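Engineer: Mapped onto our numbering, the consecutive letters of the sequence shown carry residue numbers 22 to 376. Beta carbons are placed, not taken as given, at the ideal position from N, Cα and C, and that holds for glycine. Since this is a predicted model, take the numbers as computed values, not measurements.
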Amino acid sequence: MTGRTAVFVSSLVVLGVMVGCGGPVEQGGPTGADGSKPEAGAGGVIFVGFDGSPPLVEALREGKIQGLVLQNPRRMGYLGVKTLIDHLEGRAVEPEVATGETLATPENMDDPEVAELLNPPKIDHGSDASLAGQKQKRWRVMVIPKGTTHEFWQTIHFGAKTAADEMDAEILWKGPQKEDDRQQQIELVQNAIALGVDGIVLAPLDARALVGPVEQAVARGIPVVIIDSALNSDTPVSYVATDNYNGGVLAARRMGALMGGKGRAILLRYAVGSASTEQREQGFLDTMASEFPEVEFVSKDQYAGATAATALEKSQQLVTRYRGQADAIFAPNESSTFGMLRALEGAGMLKSGAP
22 MTGRTAVFVS SLVVLGVMVG CGGPVEQGGP TGADGSKPEA GAGGVIFVGF
72 DGSPPLVEAL REGKIQGLVL QNPRRMGYLG VKTLIDHLEG RAVEPEVATG
122 ETLATPENMD DPEVAELLNP PKIDHGSDAS LAGQKQKRWR VMVIPKGTTH
172 EFWQTIHFGA KTAADEMDAE ILWKGPQKED DRQQQIELVQ NAIALGVDGI
222 VLAPLDARAL VGPVEQAVAR GIPVVIIDSA LNSDTPVSYV ATDNYNGGVL
272 AARRMGALMG GKGRAILLRY AVGSASTEQR EQGFLDTMAS EFPEVEFVSK
322 DQYAGATAAT ALEKSQQLVT RYRGQADAIF APNESSTFGM LRALEGAGML
372 KSGAP
């Protein structure tokens, strides 16, 4: 990885900012002409999230979510495999490949470019080639996502298979069921080494824990391309990913503008060691501090966890604890956004009706 990538590795997890919890704002936030504080939640929650899935897209259309920062997982999966095979075939590759990030809002979601990102192609999880027997094509590549439950990875899978089909390659698609099973992901890298695959495309669950297995693979002559989330190592061939820091910047600008630059917010973190979400958090927090200094965070040390279920539980705790004390929510990954959406729906705190 380059120095720029190394800087990226210290960053974010899952975020949240919550409006309209149904009580008086105790400190901070906008004031009336007479200096009085309005009730938080009078107009519902300002909610900005990250990534898309059918329930989140529906909530965006209904005006319950005011913004979703979208990645391009199809492009990421495609370029991850293509970059690896280009390297295997002796072509020069870039050490970092950006795949783009876009802010979707209720106002622009029907624009063709945005609509395509909100409704990307997917394929069900499952291995595209047998782990046993001899390879059927020129190249055999192991693709190891962070997990196998989020729709984001189903679109990564689609892009990876498209590239493999174009380049005389077969992919072995294997990932942990949950996005916190570092040990299973380590074992999958070790399995790829034992199988003697031609290369590995990996979305590391942890920027540090996967360094040893990746460097072992490279030492055995198996090149590795990292996708989605950075790794603290210079040995991979390339890093193919969203500019996650800039994704956090986009979210902060959307949220800060909707808040009028004032109010109170909650940051719900995702998981320790997840470089991609840590980058989003850093971009979000840096931008809020520099461009919207009057926004105060009432909580920014809680973690959603690896699933929508744990995100829902943590979101419900935050909604209960800070009811009436916050004005907005940002949740920057699919599961945390979905969990917070359900918690806010259950509490009756969401806006409704697109502008």
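#1: Could you name the residues of the same chain whose beta carbon sits closer than 7 angstroms to that of Pro166, not counting the 5 residues immediately before and after it, in chain order?
#2: For Lys335, which three-state DSSP category applies?
#3: Short check: CB of Val319 to CB of Ala286, under 9 angstroms?
#4: Would Gln300 be called buried (16 or more neighbouring beta carbons within 10 Å of its own) or exposed?
#5: So what does Gln157 bridge to, in DSSP terms?
#6: My assumption, with CB atoms under 8 angstroms, is that Val261 sits in contact with Met370. Please give the rounded CB distance.
#7: Can you find the residues in the same chain that come closer than 8 angstroms, C-beta to C-beta, to Leu77, ignoring five residues on each side of it along the sequence?
#8: Entirely within the stretch 157 to 197 and at least 4 residues each: give me those alpha helix (DSSP H) ranges in chain order.
#9: So if DSSP puts Arg290 in a beta bridge, which residue, or which two residues, is it bridged to?
#10: By a C-beta neighbour count over all protein chains shown, 10 Å radius and 16 as the cutoff for buried, is Arg275 buried or exposed?
#11: What residue from Ala296, Val162 and Thr308 has the CA that sits closest to Gly282's CA?
#12: Mark Arg290 as exposed unless 16 or more other C-beta atoms lie within 10 angstroms of its C-beta, in which case mark it buried.
#13: Closest to Thr263 by CA distance: which of Thr256, Asp255, Gly277 and Ile248 is it?
#14: Return the first residue and the last residue of the alpha helix (DSSP H) that Ala136 is part of.
#15: Cutting at 6 angstroms between CB atoms, please list the residues of its own chain near Ala184, excluding the five before and the five after it.
#16: Three-state secondary structure (DSSP) at Thr52?
#17: Output yes or no for whether 9 angstroms exceeds the beta carbon distance between Gln337 and Ala364.
#18: Would you mind reading off the limits of the alpha helix (DSSP H) that contains Ile86?
#19: Quick one: is Arg353 buried, meaning 16 or more other Cβ sit within 10 Å of its Cβ, or exposed?
#20: Quick check on DSSP: helix, strand or coil for Ala113?
#21: Suppose you measure from the CA of Lys199 to the CA of Asp145; what does that come to, to the nearest Å?
#22: Hey, how far is the Cα of Ala347 from the Cα of Val66?
#23: Closest by CA to Arg161, which one among Thr123, Pro141, Leu271 and Leu216?
#24: Alpha carbons only, please: which of Leu333, Gly367 and Gly269 is nearest the one belonging to Asp72?
#25: Kindly indicate the opening and closing residues of the beta strand (DSSP E) around Ser15.
#26: Give the single residue among Leu91, Leu193 and Arg82 whose Cα lies nearest to the Cα of Ala379.
#27: How many Å lie between Glu134 and Glu79 at the Cα?
#28: With a Cβ-Cβ cutoff of 9 angstroms, do Ile119 and Leu138 count as a contact?
#29: Just how far apart, CA to CA, sit Met280 and Val210?
Structural biologist: Answer, in terms of the structure:
#1: In the sequence shown, counting from the first residue as 1, residue 166 sits at position 145. Correct list, in chain order: Trp174, Ile177, Gly196 and Ala224.
#2: Counting from 1 along the sequence shown, the entry for residue 335 is found at position 314. In the structure shown, Lys335 sits in a helix (DSSP, three-state: H, G or I).
#3: Walking along the sequence shown from the start, residue 319 turns up at place 298. Walking along the sequence shown from the start, residue 286 turns up at place 265. Yes.
#4: Residue 300 sits at position 279 when you count from the first residue of the sequence shown. Classification for Gln300: buried.
#5: Counted from its first residue, the sequence shown places residue 157 at position 136. Gln157 is not bridged to any residue.
#6: The residue labelled residue 261 in the question sits at position 240 within the sequence shown. The residue labelled residue 370 in the question sits at position 349 within the sequence shown. Going by Cβ atoms, the distance from Val261 to Met370 rounds to 38 angstroms, so no, they are not a contact pair.
#7: Mapped onto the sequence shown, residue 77 falls at position 56. Once the five neighbours on either side are set aside, the close Cβ partners of Leu77 are Gly70, Ile86, Leu89, Glu355, Thr358, Phe359 and Leu362.
#8: 172 to 187
#9: In the sequence shown, the residue the question calls residue 290 occupies position 269. Paired residues: Tyr324.
#10: Working through the sequence shown from its first residue, we reach residue 275 at position 254. Answer is buried; the Cβ neighbour count reaches 16.
#11: As a position in the sequence shown, residue 282 is number 261, starting the count at 1. Gly282 has its Cα closest to that of Thr308, out of Ala296, Val162 and Thr308.
#12: For the purposes of this step, residue 290 is taken as residue 269 along the sequence shown, with counting starting at 1. Counting Cβ neighbours within 10 Å, Arg290 comes out buried, since at least 16 surround it.
#13: Residue numbering aside, residue 263 sits at position 242 when the sequence shown is read from its first letter. Between Thr263 and the set Thr256, Asp255, Gly277 and Ile248, the nearest pair of CA atoms involves Ile248.
#14: Here residue 136 corresponds to residue number 115 of the sequence shown, with the count starting at 1. Here the alpha helix (DSSP H) through Ala136 covers Pro133 to Leu139.
#15: Residue 184 sits at position 163 when you count from the first residue of the sequence shown. Here the set comprises Tyr99, Val102 and Lys103.
#16: For this step, residue 52 is matched to residue 31 along the sequence shown. Low confidence applies to Thr52: its pLDDT is 35, below 50, so where it sits in the model is not reliable, and the reading given next is rough at best. In the structure shown, Thr52 sits in coil (DSSP, three-state: anything other than H, G, I, E or B).
#17: Here residue 337 refers to the residue found at position 316 of the sequence shown. Here residue 364 refers to the residue found at position 343 of the sequence shown. The answer is yes: Cβ separation under 9 angstroms.
#18: As a first step, residue 86 must be located in the sequence shown, where it is residue number 65. Here Ile86 belongs to no alpha helix (DSSP H), and DSSP marks it neither H nor E.
#19: On the sequence shown, residue 353 is found 332 positions in, with the first residue counted as 1. Note that residue 353 is Pro in the sequence shown here, rather than Arg. With 16 or more other Cβ atoms within 10 Å, it is buried.
#20: As a working note, residue 113 is residue 92 in the sequence shown. Reduced to three states, the DSSP call for Ala113 is coil.
#21: As a first step, residue 199 is located in the sequence shown; it is residue number 178 there, counting from the start. As a first step, residue 145 is located in the sequence shown; it is residue number 124 there, counting from the start. Between Lys199 and Asp145, the alpha-carbon positions lie close to 16 angstroms from each other.
#22: Against the sequence shown, residue 347 aligns to sequence position 326. Against the sequence shown, residue 66 aligns to sequence position 45. Cα-Cα distance, rounded: 9 angstroms.
#23: Reading the sequence shown from its first residue, position 140 is the one you call residue 161. Of Thr123, Pro141, Leu271 and Leu216, the residue nearest in Cα terms is Leu216.
#24: As a working note, residue 72 is residue 51 in the sequence shown. Looking at the Cα atoms, Gly269 is the closest of the given residues.
#25: Only positions 22 to 376 of the chain appear in this structure, which leaves residue 15 out of reach.
#26: The structure shown does not extend to residue 379, since the chain spans only 22 to 376, so no value can be given for it.
#27: Taking the first residue of the sequence shown as 1, we reach residue 134 at position 113. Taking the first residue of the sequence shown as 1, we reach residue 79 at position 58. One C-alpha to the other measures close to 17 angstroms.
#28: If you number the sequence shown from 1, residue 119 lands on position 98. If you number the sequence shown from 1, residue 138 lands on position 117. Inspection of the sequence shows that residue 119 is occupied by Ala rather than by Ile. No, the pair does not count as a contact, with Cβ atoms beyond the cut-off.
#29: Counting from one through the sequence shown, the residue named residue 280 turns up at place 259. Counting from one through the sequence shown, the residue named residue 210 turns up at place 189. When rounded, the distance between both Cα atoms is 45 angstroms.
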